[in-house]
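In our numbering, the protein residues as written are 157 to 409.
Structure follows, in structure tokens:
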């Protein structure tokens with residue numbers, strides 16, 4: 157909910173109110189929430205539907221389940237930080253996967269994901285740009301797409317000769333990965349792609365990053381600030397997003 161895009165001013169106000177104290181959702185009706193936020197019950201219900209619920213009661217249930225899962229994941233990871241035992245290490249890794257996947261899922265805005273899925277289906281070819289460990293994530297994603305007959309290429313730098321090819325147009329979909337959204341090389345690539353009129357999707361950790369501002373759409377990744385494991389979180393998060401896009405294309409001829 158915190159990461160939803162394309163909300164009206166009133167809907168954003170309701171979201172901010174709920175995030176300050178989520179318990180209000182369980183203590184009040186939609187009409188009462190409307191009164192507390194100086195909006196209308198129809199606005200509250202419309203927001204619930206944008207968030208993927210069928211109505212206010214369904215939103216209450218989804219919020220309760222979401223909070224329970226988040227707390228379980230967070231507590232599990234905090235309790236399982238490895239102390240040296242091989243068994244501890246074995247049990248800690250699934251906790252990292254759980255948290256990375258759950259938190260990435262929480263950040264997905266369906267109003268953004270759907271048009272990106274449509275672009276993937278329409279693309280003649282897919283380019284994925286990433287440096288260092290993100291390049292290996294890009295290679296894995298491209299390998300999966302290639303296996304189902306989609307043309308996809310991973311890049312770890314800007315190939316200006318390739319980018320200047322006049323035959324490459326909006327039919328080429330480009331993804332740019334930078335979890336900070338401030339990697340100079342990725343920003344240069346995004347600027348060049350934008351100048352060429354390409355369709356660009358960012359995979360980054362925040363909507364207010366320089367990379368997000370250069371791209372048409374942004375898919376939010378997750379990385380917990382816990383030292384060396386942070387790169388594991390971000391890699392799992394990015395791969396999850398690419399896998400969602402992949403699965404959405406399985407039935408595409």
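Using N, Cα and C, we set each Cβ at its ideal position, and we do this for glycine too.
Practice prompt. Taking residue 308 and residue 328 to be in contact with their CB atoms under 8 Å, please state how far apart those CB atoms are, rounded to whole angstroms.
Written response: Actually they are not in contact, since the Cβ atoms of residue 308 and residue 328 sit about 11 Å apart, beyond 8 Å.
Practice prompt. Can you give me the start and stop residues for the alpha helix (DSSP H) that residue 171 sits inside?
Written response: 165–176
Discussion item. For residue 280, which residues in the same chain have their Cβ closer than 6 Å to its Cβ, ignoring the five residues on either side in sequence?
Written reply: 327
Practice prompt. Please say whether residue 200 and residue 186 have beta carbons closer to each other than 8 Å?
Written response: Their beta carbons are under 8 Å apart, which means residue 186 touches residue 200 by this criterion.
Practice prompt. Using the DSSP secondary-structure output, state which residues sit across from residue 331 in a beta bridge.
Written response: In the DSSP output, where bridge partners are listed per residue, residue 331 has 284, 357.
Worksheet item: Are the Cβ atoms of residue 253 and residue 392 separated by less than 8 Å?
Response: Contact: yes.
Worksheet entry | Alpha-carbon spacing of residue 170 relative to residue 267, whole angstroms | Approximately 18 Å, taken between the alpha carbons.
Practice prompt. List the whole-angstrom C-beta distance separating residue 357 from residue 342, where the pair is believed to meet the contact cut-off of C-beta under 8 Å.
Written response: In fact, because the Cβ distance is near 12 Å, the residues do not count as touching under 8 Å.
Fill in: Buried versus exposed, by CB contacts within 10 Å (16 or more), residue 174
buried
Discussion item. In the DSSP output, which residue or residues are listed as bridge partners for residue 308?
Written reply: According to DSSP, residue pairing for residue 308 in a beta bridge involves 282.
Fill in: For residue 373, the first and last residue of its enclosing beta strand (DSSP E)
373–376
Practice prompt. For my contact list, residue 339 and residue 287 are in at a C-beta cut-off of 8 Å; report their separation, rounded to the angstrom.
Written response: Indeed, because the Cβ distance is near 6 Å, the residues count as touching under 8 Å.
Fill in: Rounded separation between residue 115 and residue 197 - CA only
The structure shown has nothing for residue 115, since the chain only spans 157 to 409.
Discussion item. Do residue 355 and residue 275 have their beta-carbon atoms positioned less than 8 Å apart in this structure?
Written reply: yes
Discussion item. Quick check: what's the CA-CA separation for residue 246 versus residue 388?
Written reply: The straight-line gap from Cα to Cα measures roughly 15 Å.
Worksheet item: According to the neighbour-count rule (16 or more other Cβ atoms, all chains shown, within 10 Å of its Cβ), is residue 194 buried or exposed?
Response: exposed
Discussion item. According to DSSP, is residue 209 part of a helix, a strand, or is it coil?
Written reply: coil
Worksheet item: With 16 other CB atoms within 10 Å as the buried threshold, where does residue 179 fall?
Response: exposed
Worksheet item: Helix or strand or just coil, what does DSSP make of residue 352?
Response: Residue state for residue 352 is assigned as coil, using DSSP reduced to three classes.
Practice prompt. With 8 Å as the threshold, decide whether the Cβ of residue 299 is near any Cβ in chain C.
Written response: In the structure shown, chain C cannot be found, because there is only a single protein chain.
Worksheet item: Alpha carbon to alpha carbon, what distance is there between residue 176 and residue 330?
Response: 37 Å
Worksheet entry | Span separating the alpha-carbon of residue 396 from that of residue 402 | 10 Å
Worksheet item: Based on Cα-Cα distance, which residue from 351, 379, 314, 216 lies nearest to residue 255?
Response: By alpha-carbon distance to residue 255, the top candidate from 351, 379, 314, 216 is 379.
Practice prompt. Please look up how many angstroms separate the CB atoms of residue 295 and residue 310, rounded, as I've assumed it's under 8 Å.
Written response: 4 Å
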